[in-house]
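Peer 1: One structure is given below, represented as structure tokens, and several questions about it will come after.
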Amino acid sequence: MNILAFLLVINFCFGSFYSLISQTKGEHFFLNSNISIKPVSQKKTMLETLKNTCQFLSQERITVQETANYLGKLIKAPGDEMPLEVQPNDSSFPLARIVFQTGTNSPAHVEFVLAKSSKLTIADLKSIFGDYKTLPRIHWNSPLKVMFESDTPQAAFTCTLIAEVEPTEQDINNATVTGLTLRRDVRLPEN
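According to this note's numbering, the stretch in the sequence shown is residues 279 to 469, in order.
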């Protein structure tokens, strides 16, 4: 009997709380409070996801499965070293593909599919990853690609972010990114 009474009290409390929220129509219901809740921008979460994933990929011993678990929910694992497909925790990316390094269980790179609503620009990436290099184009109509190098000191690997923009873009800094790849590179010995 006590459990039933407890459940009724919980149900009443949550119902009252929901009613209070729905009556405020999105306004703050803290009466004498200076607390303001600011929505986190999609760009900010995307940039944090990319930066944190680069740091994760820079670790010495990680597997493709660990990378999938880090990014989100595994949705497709076809086997035979075919790329794994993951639904990332960050909803700005509806899909990520983790590609195996040939002959190993380590990731070579991660390809992020961007949401159609994404407005991430090269300037946004530059604010986090620094200067970039424009890569040569294979064909006049192929996507324009720029490369950012991310180096976590003392890490066994480096991370290279490759961003694609439409081939017709004249102002690269303000160009909208259409594709993103994070490549895991072995750290080369310094001379």
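For glycine and all other residues, C-beta sits at the position ideal for the given N, C-alpha and C.
For the 8 Å Cβ check, are there 3 or more pairs between the stretch 454–468 and the stretch 372–391?
Peer 2: yes
Peer 1: Residue 366 and residue 377 look like a contact to me (Cβ under 8 Å); what is the Cβ gap, rounded to whole Å?
Peer 2: As a working mapping, residue 366 is identified with position 88 in the sequence shown. As a working mapping, residue 377 is identified with position 99 in the sequence shown. Going by Cβ atoms, the distance from residue 366 to residue 377 rounds to 15 Å, so no, they are not a contact pair.
Peer 1: Where residue 439 and residue 355 are concerned, what is the direct C-alpha to C-alpha distance, given to the nearest angstrom?
Peer 2: In the sequence shown, residue 439 corresponds to position 161, counting from 1. In the sequence shown, residue 355 corresponds to position 77, counting from 1. The alpha-carbon atoms of residue 439 and residue 355 are separated by roughly 24 Å.
Peer 1: In the DSSP assignment, find the unbroken beta strand (DSSP E) run with residue 425 in it and report its ends.
Peer 2: Mapped onto the sequence shown, residue 425 falls at position 147. Run containing residue 425: 422–428, per the beta strand (DSSP E) assignment.
Peer 1: What is the residue span of the beta strand (DSSP E) that residue 444 lies within?
Peer 2: By 1-based counting over the sequence shown, the position of residue 444 is 166. Run containing residue 444: none; DSSP gives neither H nor E here.
Peer 1: Report all residues from its chain with a CB closer than 6 Å to the CB of residue 336; omit the five preceding and five following residues, and keep chain order.
Peer 2: Here the question's residue 336 lines up with position 58 in the sequence shown. If we look at residue 336 and ignore the five residues flanking it on each side, its Cβ neighbours are 430, 433, 435, 437.
Peer 1: With DSSP run on the structure shown, which of helix, strand or coil describes residue 466?
Peer 2: The residue labelled residue 466 in the question sits at position 188 within the sequence shown. Looking at residue 466 - three-state DSSP - the assignment turns out to be coil, as it is neither helix nor strand.
Peer 1: Which term fits residue 322, buried or exposed, when burial requires 16 or more other beta carbons within 10 angstroms of its beta carbon?
Peer 2: One-based indexing of the sequence shown puts residue 322 at position 44. Residue burial annotation: residue 322 is exposed, with fewer than 16 other C-beta atoms found within 10 angstroms of its C-beta.
Peer 1: Just curious, the beta strand (DSSP E) that residue 351 is in, first and last residue?
Peer 2: As a working note, residue 351 is residue 73 in the sequence shown. Run containing residue 351: 350–354, per the beta strand (DSSP E) assignment.
Peer 1: Could you tell me the distance, in whole angstroms, from the CA atom of residue 352 to the CA atom of residue 457?
Peer 2: To locate residue 352, count along the sequence shown from 1; it is residue 74. To locate residue 457, count along the sequence shown from 1; it is residue 179. Cα to Cα, the separation comes out at about 20 Å.
Peer 1: Roughly how many whole angstroms lie between the Cα atoms of residue 420 and residue 332?
Peer 2: Mapped onto the sequence shown, residue 420 falls at position 142. Mapped onto the sequence shown, residue 332 falls at position 54. When rounded, the distance between both Cα atoms is 26 Å.
Peer 1: Less than 8 Å between C-beta atoms, sequence neighbours within five positions excluded: which residues of the same chain meet that for residue 379?
Peer 2: As a first step, residue 379 is located in the sequence shown; it is residue number 101 there, counting from the start. Taken in chain order, the residues that qualify are 385, 386, 462.
Peer 1: Out of 374, 370, 412, 341, which has the shortest C-alpha to C-alpha gap to residue 349?
Peer 2: Walking along the sequence shown from the start, residue 349 turns up at place 71. Checking every option, the nearest Cα to that of residue 349 belongs to 374.
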